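One structure is given below, encoded as structure tokens.
Residue numbers (the working numbering), protein chains in the order written: chain A, 1 to 340; chain B, 341 to 680.
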């Protein structure tokens, strides 16, 4: 969906400029753009692309300053693409930075928040024309107010949030994320032509670890409180035969574990790649019978601080598990089939 | 609570000017001010009086026009007093008009809505400093979005809503409501000195009917979805002895019925007066053991149209009852003790 929106905007409005964070003036106004809500809803409630324009217009008028550039708030799913579509329409650049170095489900789960950037003034727009300008006393209220509004507005909305100065962006963002995703995409596309293993290629680029290989035998999904929550079960294939993997998700994968071992937890990345093509499978795209390789990728060091783990660690999501970096879990033999 | 807020504001900022609607210029900006949420919450979460100032400031900046005057959105409970407190603080007049000629629990339940006035731009503020500017495509969305936000913001908030021109106010409001309530209040205060029956006096002023007299023997109340919902039971006294009255409420009383007859329904007013003083008892003020006279008052004719009844009739509130004007019910003998 996001890819289609971005391609259409590029065809209609021409190419986008990608800026290195160092090229952004310190006092320029940067506004991340995103979709908020359950991806399960979005696939049936197609955005027109105009909603997020309304959000930017409202924010620009309120702040009395032109928006210099936009960025993705997260580097996953539709939210990696929405800023590209918006940038083409508004003819503004995109900066090669996001606020997660991955994807997370809640608004305060950004490195901007760890650096004290306020989520508001924030604007929420839906496809019907409803428009909310929020100013809150903290980013926790922003999440709760915006999440409730999202549910009332039909489960998925477009947002303009965390307006910040160029200097704040440089200090708090995860830089080089768009060029990294571009590199991964190119490697996957070219792997077949070059007769190399695409999954191995991806693992090399991201510094990740193969955790499991299996076939989806069960998946339960519910759209609740504005999120797509659920869990899936994979039966092991090849060297993982006889093992079972469980994946818990809230829009994004949170925990990967077998009967005997925890393989990875947030904030490290847990990603399912299609076994043949190495294309990533989103939690809403996961289907019964799908064959995938589950990989773990170390998260940015910003998330491994006490404040980072309080914001996005396993306990924040309600799991009674300590965070252990995925590379340590792997080193200690915690892959599918191994004892914990 | 509202009375205390108004008295304090009068002492601090001086007297208020009350305008007749005809004195308001047609192009002047009028903004009703109110508390939104469950009155059960408000009695424990005291507003500072500053919240609604923030709401007016935001609306004035957004609309780029000074607010000429404020009005109560409803003539009941705290919302009859909040505009007085605000007017004193802002040194603006109050117009002798409201949007209900009574009180109702939801935002679209105003005669402004029946006349096509939009509820938004609307601002919601809480005592913590959170501030939301809503613009919606219809007044139903306004109610749902604002109600959800109210719950997140702690169950009661201050609002500035239905900004309108003087010409719209004149066409759509219920006029003379503040002077009417003033008259009722004075009559109740003076009844004792004049040795007249205060309840009879109130009934004469409002053109109402005594429906029941009894003692509260049961009351159940729950704060749910941002409303104070519940029901109370009164055992009859004097000529109503042996009869039982049930009152259903959602912030305001909706239905009054005995085992044998419906005595009154929305949109007509169902009011409990203290048996000795004739002071009104709000739904959140109703206590076990209280002795009251339940009266019915015909509502404004604006509510008795098909559009009015679709907005505030018994079926809107989920009761499978036709609306019959209270004066017809009384004429047909539907008081406590009579067969329906």
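Cβ atoms here follow ideal geometry from the backbone N, Cα and C, with glycine treated the same way.
The model shown is predicted, which means the values in this text are computed figures rather than measured ones.
Helix or strand or just coil, what does DSSP make of residue 239 of chain A? Correct three-state label for residue 239 of chain A: helix.
Counting Cβ pairs closer than 8 Å, one from the region 195 to 215 of chain A and one from the region 30 to 39 of chain A, do we hit at least three? Not touching, per the Cβ criterion.
Rounded to the nearest angstrom, what separates residue 155 of chain A and residue 85 of chain A at their Cα positions? Answer to the nearest angstrom: the Cα atoms are 21 Å apart.
Is residue 148 of chain A helix, strand or coil when you go by DSSP? Residue state, collapsed to three classes: helix.
If the criterion is Cβ atoms closer than 8 Å, does the pair residue 549 of chain B and residue 463 of chain B meet it? Not closer than 8 Å, so no.
Under 7 Å Cβ-Cβ, which residues of chain B neighbour residue 128 of chain A? Correct list: 477.
Taking Cβ-Cβ distances shorter than 9 Å, what residues in chain A pair up with residue 485 of chain B? Close partners of residue 485 of chain B in chain A (Cβ separation under 9 Å): 130, 132, 148, 149, 152, 153.
Label residue 492 of chain B either buried or exposed according to how many other C-beta atoms from any shown protein chain fall within 10 Å of its C-beta, with 16 as the threshold for buried. Residue 492 of chain B comes out buried.
Environment of residue 222 of chain A [buried if 16+ CB atoms lie within 10 Å]: For residue 222 of chain A, the number of other beta carbons within 10 angstroms of its own is below 16, and it is reported as exposed.
If you drop the 5 nearest sequence neighbours on each side, which residues of the same chain put their C-beta closer than 8 Å to that of residue 115 of chain A? Around residue 115 of chain A: 168, 171, 172.
Residues that DSSP places opposite residue 549 of chain B in a beta bridge: DSSP lists B:636 as the beta-bridge partner residues of residue 549 of chain B.
Can you look up residue 250 of chain A in the DSSP assignment and give me helix, strand or coil? It is a strand residue.
Thinking C-alpha only, which one of B:403, B:355, B:439, B:412 is nearest residue 642 of chain B? Distance check between residue 642 of chain B and each of B:403, B:355, B:439, B:412 places B:439 closest, using alpha-carbon atoms only.
Residue 351 of chain B to residue 444 of chain B, Cα distance in whole Å? Each residue's CA atom was taken as its position, placing residue 351 of chain B and residue 444 of chain B some 30 Å apart.
Beta-carbon neighbours of residue 104 of chain A, restricted to chain B and to distances below 7 Å: None at all; the shortest Cβ gap to chain B is about 20 Å.
Residue span of the beta strand (DSSP E) that contains residue 373 of chain B, given as start and end: 373 to 377 is the extent of the beta strand (DSSP E) around residue 373 of chain B.
Contact set for residue 106 of chain A: own chain, Cβ-Cβ below 6 Å, skip 5 residues either direction: Within the same chain, 143 come within 6 Å of residue 106 of chain A by CB-CB distance, once the 5 residues on both sides are set aside.
In the region 466 to 531 of chain B, which residue ranges form an unbroken beta strand (DSSP E) of at least 3 residues, counting only runs that do not cross its ends? Entirely contained in the region 466 to 531 of chain B, the beta strand (DSSP E) runs reaching 3 residues are, in chain order, 471 to 475, 496 to 500.
Pull up the DSSP beta-bridge partners for residue 245 of chain A, would you. Note: residue 245 of chain A sits in a beta bridge opposite A:234, A:258.
What does the alpha-carbon distance come out to for the pair residue 555 of chain B and residue 634 of chain B? Answer to the nearest angstrom: the Cα atoms are 10 Å apart.
Taking only the alpha-carbon atoms, compute the straight-line gap between residue 395 of chain B and residue 297 of chain A and give it to the nearest angstrom. The straight-line gap separating the alpha-carbon atoms of residue 395 of chain B and residue 297 of chain A is approximately 46 Å.
For residue 555 of chain B, three-class secondary structure by DSSP: In the structure shown, residue 555 of chain B sits in a strand (DSSP, three-state: E or B).
By the 10 Å Cβ neighbour count, where 16 or more other Cβ atoms means buried, how is residue 183 of chain A classified, buried or exposed? By the C-beta density criterion, residue 183 of chain A is exposed, having fewer than 16 other C-beta atoms within 10 angstroms.
For my contact list, residue 570 of chain B and residue 487 of chain B are in at a C-beta cut-off of 8 Å; report their separation, rounded to the angstrom. Under the criterion of beta carbons closer than 8 Å, residue 570 of chain B and residue 487 of chain B do not qualify as touching, at roughly 18 Å.
For the alpha helix (DSSP H) containing residue 111 of chain A, name the first residue and the last one. Element bounds for residue 111 of chain A: 111 to 114.
Separation of residue 476 of chain B from residue 671 of chain B, as counted between CA atoms: If you take the alpha carbons of residue 671 of chain B and residue 476 of chain B, they lie about 44 Å apart.
Residue 598 of chain B versus B:608, B:630, B:581, B:592, residue with shortest Cα-Cα distance: The shortest Cα separation from residue 598 of chain B among B:608, B:630, B:581, B:592 belongs to B:581.
Span of the beta strand (DSSP E) holding residue 398 of chain B? In the DSSP assignment, residue 398 of chain B falls outside any beta strand (DSSP E) and within the unbroken alpha helix (DSSP H) covering 391 to 403.
Please identify, using Cβ separations under 9 Å, the residues of the region 217 to 247 of chain A that lie next to chain B, in order along the chain. Close to chain B, meaning a Cβ-Cβ distance shorter than 9 Å, is no residue of the region 217 to 247 of chain A at all.
Give the interface partners of residue 343 of chain A over in chain B, defined as CB-CB distance under 7 Å, in chain order. Residue 343 of chain A lies beyond the range of chain A shown here (1 to 340); nothing can be said about it.
Could you tell me if residue 3 of chain A is buried or exposed, where buried requires 16 or more neighbouring beta carbons within 10 angstroms of its beta carbon? Residue 3 of chain A should be labelled exposed.
Near residue 407 of chain B, which residues of its chain fall below 7 Å by C-beta distance, leaving aside the five closest residues on each side in sequence? Contacts found: 369, 371, 396, 400, 432.
Answer with yes or no whether the minimum CB distance from residue 18 of chain A to chain B is below 8 Å. Not one chain B Cβ lies under 8 Å of residue 18 of chain A.
Proximity to residue 120 of chain A [Cα-Cα], best of A:132, A:37, A:70, A:49: It is A:132.
Helix, strand or coil for residue 311 of chain A? Go by DSSP, reduced to three states. In the structure shown, the three-state DSSP call for residue 311 of chain A is helix.
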